[in-house]
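Undergrad: Using our numbering, the letters of the sequence shown correspond one by one to residues 13 to 328.
I have a structure I would like to understand better, so I am pasting it below and will then ask my questions one at a time.
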Amino acid sequence: MRHPLLSFALVAISFWLNGCQSESSHIALGTLEQDSLILNALVSQQIRSLPVEEGESVITGQVLAEFEDDAAQAQLAYTKAQLLQAQAAFAEVQNGNRSEQIESAYAAWQGASANDKEAVLQLQRTQELYRANAIGRAALDNAAALRDQTKAQAEQLEQRWLELRNGARTEVLAQRQAQVEAAQAQLDLAQATLSHYRILAPAAGVIDSSPWHRGDSVLAGTQMFRLLSQEQPYARVYLPETMRARMPVGTEVEVVIEGFAQPFTGVVRTVRSKPAFTPYYALNEKERSRLMYLAEIEVSSAENVPIGTALEVHLP
């Protein structure tokens, strides 16, 4: 026969254990976190300057690092000159030629035509002398060569004069326009490349990590900074599956942070839809209640609390 006092003790212990389990099931443990950004080097180059230090607050757009960029600056200057040259060539064919250029080309053609006529006459006289056996074959060949040369020059200068008088063709205009667009694209690329030689703060925050120094050489992709956001810190906790449905986004909870006597107010901002550990399809209905879901809870007035501090979230 069981002793009455022993039975009473077993019942008391049972009630105490159930109370502890009930209480612990309404508490989620976690740590205080804050969003951060990892900033990497985009070029393989030597660091020219590091105007910020760890722990320093920065604003959006502030320069965090600069790399040696002499080659990139030279490439930018070259592409600017190429663009100016292409624009000038396009403007020349687009606007047409001045009357002075046309008159000069016409005069050059007329002079070449006069030389061509003189060469024709000289060839005719040389041919008569050759038939009379007064000169040799070499003199006749020289006169013929001179005639061909003056004729070709006159035709070339005439073509140049006609081009200046009639203006550029549509095909030439299209070609010059394409050259301007290509030069502009090269300039845009050079400017974009040069921007990679500076690291700017994408948002306001605090430099949490900066392990490099001025003069160090780094490779593209190397982590240069870890920037802590100035947005509101949040608690990262794991919720049991039984509490997930009772904690929708926007739910207000009490957050107890280690080292602080007064609790903080928290608001659920997200709860993951998938469990953090074993996938649900590998469990039966009884085991499914043991699943844990990652949740993030914004904590008010916790800006001065060190990141990583342990905390408890009292679930409703």
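C-beta atoms are modelled at their ideal positions from N, C-alpha and C, and glycine is treated no differently.
1. What residue ranges within the segment 143-228 form continuous beta strand (DSSP E) runs of no fewer than 3 residues, ordered along the chain?
2. Could you tell me the alpha carbon to alpha carbon distance between residue 83 and residue 209, rounded to whole angstroms?
3. Buried or exposed for residue 100, please, with buried defined as at least 16 other CB atoms from any protein chain shown within 10 angstroms of its CB.
4. In whole angstroms, give me the CA-to-CA distance for residue 333 and residue 158.
5. At which residues does the alpha helix (DSSP H) containing residue 254 begin and terminate?
6. When the Cα atoms are used, what is the spatial distance from residue 192 to residue 97?
7. Which class does residue 272 belong to by DSSP, given the choice of helix, strand or coil?
8. Closest to residue 285 by CA distance: which of 303, 274, 79, 136 is it?
9. With a threshold of 8 angstroms on Cβ separation, who are the neighbours of residue 329 within its own chain once the five nearest residues in sequence on each side are excluded?
10. Give the list of continuous alpha helix (DSSP H) stretches no shorter than 4 residues that lie fully inside the segment 64-112.
11. Near residue 217, what residues of its chain come up, given a Cβ to Cβ distance below 6 angstroms and the 5 sequence neighbours on each side ignored?
12. Three-state secondary structure (DSSP) at residue 325?
13. For a test of the three-state rule: what should DSSP assign to residue 27, helix, strand or coil?
14. Going by DSSP, what residue range makes up the beta strand (DSSP E) through residue 42?
15. Is it true that the segment 70-80 meets the segment 170-190, where meeting means three or more beta-carbon pairs spaced less than 8 angstroms apart?
16. Quick one: grab the DSSP three-state call for residue 294.
17. Suppose the cutoff is 6 angstroms on Cβ atoms and the five residues either side in sequence are ignored; what does the same chain contact list for residue 123 look like?
18. Could you check what DSSP says for residue 320 in three-state terms: helix, strand or coil?
19. Go to residue 311, then tell me how far its beta strand (DSSP E) extends in each direction, as first and last residue.
20. Determine the direct distance from the alpha carbon of residue 135 to that of residue 148, and round the result to whole angstroms.
21. Where does residue 51 sit, in a helix, a strand or coil, going by DSSP?
22. Along the beta strand (DSSP E) that carries residue 235, what are the first and last residues, could you check?
23. Taking the continuous beta strand (DSSP E) assigned at residue 244, which residues delimit it?
24. Compare the beta carbon distance of residue 278 and residue 309 with 7 angstroms and say whether it is the shorter of the two.
25. If you run the structure through DSSP and keep just helix, strand and coil, what is residue 137?
26. What residue range is occupied by the uninterrupted beta strand (DSSP E) comprising residue 284?
27. Can you tell me which of 267, 257, 50, 160 puts its alpha carbon nearest to the alpha carbon of residue 42?
28. Shorter than 6 angstroms, the distance from the beta carbon of residue 79 to the closest heavy atom of the ligand PLP, or not?
29. Can you list, in chain order, the residues of its chain with a C-beta nearer than 8 angstroms to that of residue 70? Leave out the 5 residues immediately preceding and following it.
TA: Let's see:
1. The DSSP assignment places complete beta strand (DSSP E) segments of no fewer than 3 residues inside the segment 143-228 at 210-212, 217-221, in order along the chain.
2. Taking the first residue of the sequence shown as 1, we reach residue 83 at position 71. Taking the first residue of the sequence shown as 1, we reach residue 209 at position 197. Cα to Cα, residue 83 sits roughly 11 angstroms from residue 209.
3. Within the sequence shown, the letter at position 88 stands for residue 100. Exposed, by the Cβ-count rule.
4. For the chain, the structure presents residues 13 to 328; residue 333 sits outside this window and is missing.
5. Reading the sequence shown from its first residue, position 242 is the one you call residue 254. Start and end: 253-256.
6. Residue 192 sits at position 180 when you count from the first residue of the sequence shown. Residue 97 sits at position 85 when you count from the first residue of the sequence shown. Distance between the alpha carbons of residue 192 and residue 97: 8 angstroms.
7. Position 260 of the sequence shown, counting from 1, holds the residue named residue 272. Residue 272 falls in the coil class under three-state DSSP.
8. Position 273 of the sequence shown, counting from 1, holds the residue named residue 285. The shortest Cα separation from residue 285 among 303, 274, 79, 136 belongs to 303.
9. Residue numbering for the chain in the displayed model covers 13 to 328; residue 329 lies beyond these limits and cannot be assessed.
10. If we require 4 residues or more, the alpha helix (DSSP H) runs fully inside the segment 64-112 come out as 82-107.
11. The sequence position of residue 217 within the sequence shown is 205, counting from 1. 239, 240, 241, 242, listed in sequence order.
12. Counted from its first residue, the sequence shown places residue 325 at position 313. Residue state, collapsed to three classes: strand.
13. The sequence position of residue 27 within the sequence shown is 15, counting from 1. Low local confidence applies: a pLDDT of 37 at residue 27 is under 50, so the model's placement there is unreliable, with the coordinate-based value given in what follows. The three-state reading of DSSP puts residue 27 in helix, counting H, G and I together.
14. Here residue 42 is taken as the residue at index 30 of the sequence shown, counted from 1. It spans 39-45 - the beta strand (DSSP E) in which residue 42 sits, taken as one unbroken run.
15. With the cut-off at 8 angstroms, the segment 70-80 and the segment 170-190 do not touch.
16. As a working note, residue 294 is residue 282 in the sequence shown. Reliability of the predicted coordinates at residue 294 is poor, the pLDDT of 43 falling under 50, and the value obtained from them is presented with this limitation in mind. The DSSP-derived three-state label of residue 294 is helix.
17. By one-based count along the sequence shown, residue 123 stands at place 111. Excluding positions up to five away in sequence, the list is empty.
18. As a working note, residue 320 is residue 308 in the sequence shown. Coil, per DSSP.
19. For the purposes of this step, residue 311 is taken as residue 299 along the sequence shown, with counting starting at 1. From DSSP, the beta strand (DSSP E) with residue 311 extends over 304-311.
20. Position 136 of the sequence shown, counted from the first residue, corresponds to residue 148. Position 123 of the sequence shown, counted from the first residue, corresponds to residue 135. Approximately 13 angstroms between the Cα atoms of the pair.
21. Mapped onto the sequence shown, residue 51 falls at position 39. The three-state secondary structure of residue 51, taken from DSSP, is strand.
22. Position 223 of the sequence shown holds residue 235. It spans 235-241 - the beta strand (DSSP E) in which residue 235 sits, taken as one unbroken run.
23. As a position in the sequence shown, residue 244 is number 232, starting the count at 1. From DSSP, residue 244 is part of no beta strand (DSSP E); its letter is neither H nor E.
24. As a working note, residue 278 is residue 266 in the sequence shown. As a working note, residue 309 is residue 297 in the sequence shown. Taking a C-beta distance under 7 angstroms as the contact criterion, residue 278 and residue 309 qualify as a contact pair.
25. For this step, residue 137 is matched to residue 125 along the sequence shown. In the structure shown, the three-state DSSP call for residue 137 is helix.
26. Position 272 of the sequence shown holds residue 284. From DSSP, residue 284 is part of no beta strand (DSSP E); its letter is neither H nor E.
27. On the sequence shown, residue 42 is found 30 positions in, with the first residue counted as 1. Per the Cα distances, 267.
28. Although the ligand PLP was asked about, the structure shown includes no ligands whatsoever.
29. Numbered from 1 along the sequence shown, position 58 holds the residue referred to as residue 70. For residue 70, where only same-chain residues beyond five positions count, the Cβ hits under 8 angstroms are 64, 76, 213, 216, 217, 218, 219, 239.
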